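According to the UniProt record's numbering, the residues represented by the sequence shown are 1 to 440, in order.
Below is one structure, written out as structure tokens, with a few remarks after it.
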Amino acid sequence: MNAPALQRTISDMIEEYDAKSAVLDQEIRSLGEAAGRLEMATCVGGTYGGDIWWRGKPSVDEKAAHRALLVSAWKAIHTRLNIDLIASANDKRKWEVDIANPPPLTRENVVLTFGDYLLRTRFHLLKGLAEVFVDLDPAYKSHSKVKIGVAGLPKRVILQSVGGWGSYGRDRLRDLLNALAAYQAQPLIAHDEFAALDALHSYTSGSKAGEVQIRGLRVRKFVNGNAHVIFGPDLLLDINRALAEFYGEVLPDAEGEEPSRKPSTAVAKDLQFYPTPQAVIAEIVEAASIPDLPGLRNGWRDQPAPLRVLEPSCGDGRIMRAISKRGHSVVGIEVHPGRAEKARQSGLSVVTSNFLEQPAEPTFDRVVMNPRFYGRHYLHHVRHALRFLKPGGLLVTVLPATAWYDHGELKGRWQDLPVVSFAESGTNIPTGYLVMWAPE
1 MNAPALQRTI SDMIEEYDAK SAVLDQEIRS LGEAAGRLEM ATCVGGTYGG DIWWRGKPSV
61 DEKAAHRALL VSAWKAIHTR LNIDLIASAN DKRKWEVDIA NPPPLTRENV VLTFGDYLLR
121 TRFHLLKGLA EVFVDLDPAY KSHSKVKIGV AGLPKRVILQ SVGGWGSYGR DRLRDLLNAL
181 AAYQAQPLIA HDEFAALDAL HSYTSGSKAG EVQIRGLRVR KFVNGNAHVI FGPDLLLDIN
241 RALAEFYGEV LPDAEGEEPS RKPSTAVAKD LQFYPTPQAV IAEIVEAASI PDLPGLRNGW
301 RDQPAPLRVL EPSCGDGRIM RAISKRGHSV VGIEVHPGRA EKARQSGLSV VTSNFLEQPA
361 EPTFDRVVMN PRFYGRHYLH HVRHALRFLK PGGLLVTVLP ATAWYDHGEL KGRWQDLPVV
421 SFAESGTNIP TGYLVMWAPE
């Protein structure tokens with residue numbers, strides 16, 4: 001009886017890569033030497049008798065060979081760790097780009113690249129589900145709707161351009177099915193499971209109407225290429241529970257209001273302080289049209305004058321520091337004495353006060369802010385902040401997605417932020433930012 005094959009460890013695979021990389025140049029030289037010997041074997045007295053090679057003499061690009069070996073090793077480790085079963089569709093696409101120019105293969109780089117998937121497997125499974133569903137219907141961007149139960153979620157979504165292999169809508173359906181499969185610990189969708197759907201499309205005659213079942217989903221295809229994806233009650237309940245777990249709770253402002261919440265979101269309780277991550281800061285500062293004055297060329301014609309900027313409820317001054325580095329005058333207001341003092345220690349101008357009690361004077365060119373997320377408290381902050389703008393001034397505020405998709409009480413230009421933009425600050429709820437203008 002044959003003994004069962006043992007799973008190879010990541011260390012085994014790295015050692016195999018190192019061993020093959022060490023002798024690869026010699027193997028390439030050996031190929032060239034073997035080709036030369038074969039050519040001599042077809043000659044008598046060194047007299048050329050004709051070309052023996054099919055499509056040219058074999059040759060190898062050394063750089064291409066080393067790159068192929070490196071890519072192969074990374075892909076083998078990716079497969080060995082089952083990352084395809086954990087990573088979201090967006091992460092998989094990013095991986096496909098990154099693997100075109102992979103980093104050196106070391107244990108440290110493997111941990112940096114894949115470690116978080118193994119340490120936080122459930123987080124990534126839920127993240128994959130959230131990334132797919134927030135693009136399907138605005139209801140899935142609402143952390144409040146997923147908390148009120150299945151009745152708050154749509155029982156169907158509409159996909160456009162569902163054609164044959166590689167079509168936009170078909171790829172989105174595949175991502176949806178794979179995200180559900182990963183969450184339910186099922187195998188990823190197989191190519192042949194799309195056969196019935198693919199039969200409703202012809203590259204010569206276009207789309208045909210019909211309905212198919214894939215993994216418990218009803219997919220109703222129409223002649224215009226649209227497809228309605230219809231969820232059964234059990235599947236909708238799974239989606240509801242998964243998104244509710246992932247988004248978690250938004251912490252309240254006062255004692256006695258705090259709901260029960262998952263451990264992963266049990267941070268930043270003090271006055272519901274969710275620090276703004278650097279990636280979000282970079283995006284909202286750009287959205288506020290705040291130029292980088294030091295970065296402009298010296299003597300550049302029509303160089304803009306420094307702006308006067310306000311950050312209400314500025315916390316420890318993260319946003320203020322980014323604006324100050326761009327050469328502008330920025331003032332913050334913060335009610336928490338400790339955070340206000342921390343901001344002042346870094347050289348920022350901060351008033352320790354309740355922003356809502358601060359008299360409004362329209363003297364600022366810009367207001368950039370990240371108000372509290374809980375309930376509708378943000379409304380008071382944003383409406384008060386608008387009163388500080390000069391005529392024609394610009395306000396950019398980070399908000400929970402519910403502010404735009406559920407409440408709808410503020411007008412302006414909305415932009416969704418990527419899923420888990422605030423994860424490092426302790427919340428997974430969907431967020432975005434709103435750009436508003438003061439009347440001229």
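Backbone N, C-alpha and C define an ideal beta-carbon position, used for all residues, glycine too.
It should be emphasised that the depicted structure is a prediction, and the values quoted were computed from it without experimental measurement.
Next on the checklist: Less than 8 Å between the beta carbons of L348 and R326, yes or no?
Outcome noted: no
Next on the checklist: Are the CB atoms of H381 and P312 within a distance shorter than 8 Å?
Outcome noted: yes
Item to check | 8 Å Cβ cutoff met for L389 and A322 | outcome: no
Checklist entry - In chain order, what residues of the same chain lie with their CB nearer than 6 Å to the CB of P103, ignoring the 5 residues before and after it? => result N109
Item to check | Best match in I333, A185, I214 for proximity to A195 [C-alpha to C-alpha] | outcome: Sorting I333, A185, I214 by C-alpha distance to the C-alpha of A195 places I214 at the top.
Checklist entry - In the structure shown, what three-state DSSP assignment does I230 receive? => result strand
Checklist entry - Near S346, what residues of its chain come up, given a Cβ to Cβ distance below 7 Å and the 5 sequence neighbours on each side ignored? => result G317, R321
Item to check | The beta strand (DSSP E) enclosing I214, as first and last residue numbers | outcome: Looking at the DSSP string, the run of the beta strand (DSSP E) that includes I214 is 210-214.
Checklist entry - What do you reckon, is the C-beta of F114 under 7 Å from a heavy atom of the ligand COA? => result Among the components of this structure there are no ligands whatsoever, and the ligand COA is therefore not found.
Checklist entry - Going by DSSP, what residues sit across from E357 in a beta bridge? => result According to DSSP, which records beta bridges pairwise, E357 is partnered with nothing at all.
Checklist entry - What residues in its chain sit with their C-beta under 8 Å from that of M1, if we drop five residues either side in the sequence? => result Because the pLDDT at M1 is just 48, under 50, the model does not fix this residue reliably, and the value given afterwards should be weighed accordingly. Cβ neighbours of M1 beyond the five flanking positions: none.
Item to check | R220 (DSSP reduced to helix, strand or coil) | outcome: strand
Checklist entry - Looking at the structure shown, is F364 part of a helix, part of a strand, or coil, going by DSSP? => result strand
Item to check | beta strand (DSSP E) segment containing P337, residue limits | outcome: Premise fails: P337 lies in the alpha helix (DSSP H), 337-345, not in any beta strand (DSSP E).
Item to check | Buried or exposed by the 16-neighbour rule on C-beta atoms within 10 Å, applied to I429 | outcome: buried
Item to check | Residue interval of the beta strand (DSSP E) (run including I189) | outcome: First-last for I189: undefined, no H or E at that position.
Checklist entry - What residues match up with P312 in a beta bridge as DSSP calls it? => result I333
Item to check | I77, DSSP secondary structure in three states | outcome: helix
Checklist entry - Just the Cα atoms here: how many angstroms apart are H328 and E424? => result 28 Å
Item to check | Best match in E245, L69, A185 for proximity to I86 [C-alpha to C-alpha] | outcome: A185
Item to check | Nearest neighbour of G169, chosen from L197, I99, L399, V351 [CA to CA] | outcome: L197
Checklist entry - DSSP three-state call for T276: helix, strand or coil? => result coil
Checklist entry - Are three or more beta carbon pairs between the segment 388-408 and the segment 358-374 nearer than 8 Å? => result With the cut-off at 8 Å, the segment 388-408 and the segment 358-374 touch.
Checklist entry - Looking only at C-alpha atoms, which of T276, P277, L310 sits nearest to I290? => result L310
Item to check | Start-to-end residues for the alpha helix (DSSP H) that takes in Q415 | outcome: Annotation for Q415: no alpha helix (DSSP H) segment contains it, though the beta strand (DSSP E) segment containing it runs 413-416.
Checklist entry - Could you give the distance in angstroms between the alpha-carbon of R376 and the alpha-carbon of A242? => result 25 Å
Next on the checklist: Spatial neighbours of I28 within its chain, please: C-beta separation below 8 Å, excluding the five flanking residues on both sides.
Outcome noted: V60, E62, A65
Checklist entry - Since A179 and G128 are thought to touch, with beta carbons under 8 Å apart, how far apart are those beta carbons, to the nearest angstrom? => result 5 Å
Checklist entry - What does a CB cutoff of less than 6 Å around L188 pick up in its chain, not counting 5 residues either side in sequence? => result N178, A181
Checklist entry - In angstroms, rounded to a whole number, what distance separates the CA positions of P362 and P391? => result 8 Å
Checklist entry - Which whole-angstrom value describes the C-beta separation of F246 and A130, a residue pair presumed to lie in contact below a C-beta threshold of 8 Å? => result The beta-carbon separation of F246 and A130, rounded to 5 Å, stays under the 8 Å limit for a contact.
Checklist entry - Can you tell which of H201, G426, A360 has its C-alpha closest to the C-alpha of N224? => result Nearest C-alpha to N224: H201.
Checklist entry - L70 to T79, Cα distance in whole Å? => result T79 has its alpha-carbon roughly 14 Å from the corresponding atom of L70.
Next on the checklist: Does V350 come out as helix, strand or coil in the three-state DSSP assignment?
Outcome noted: strand
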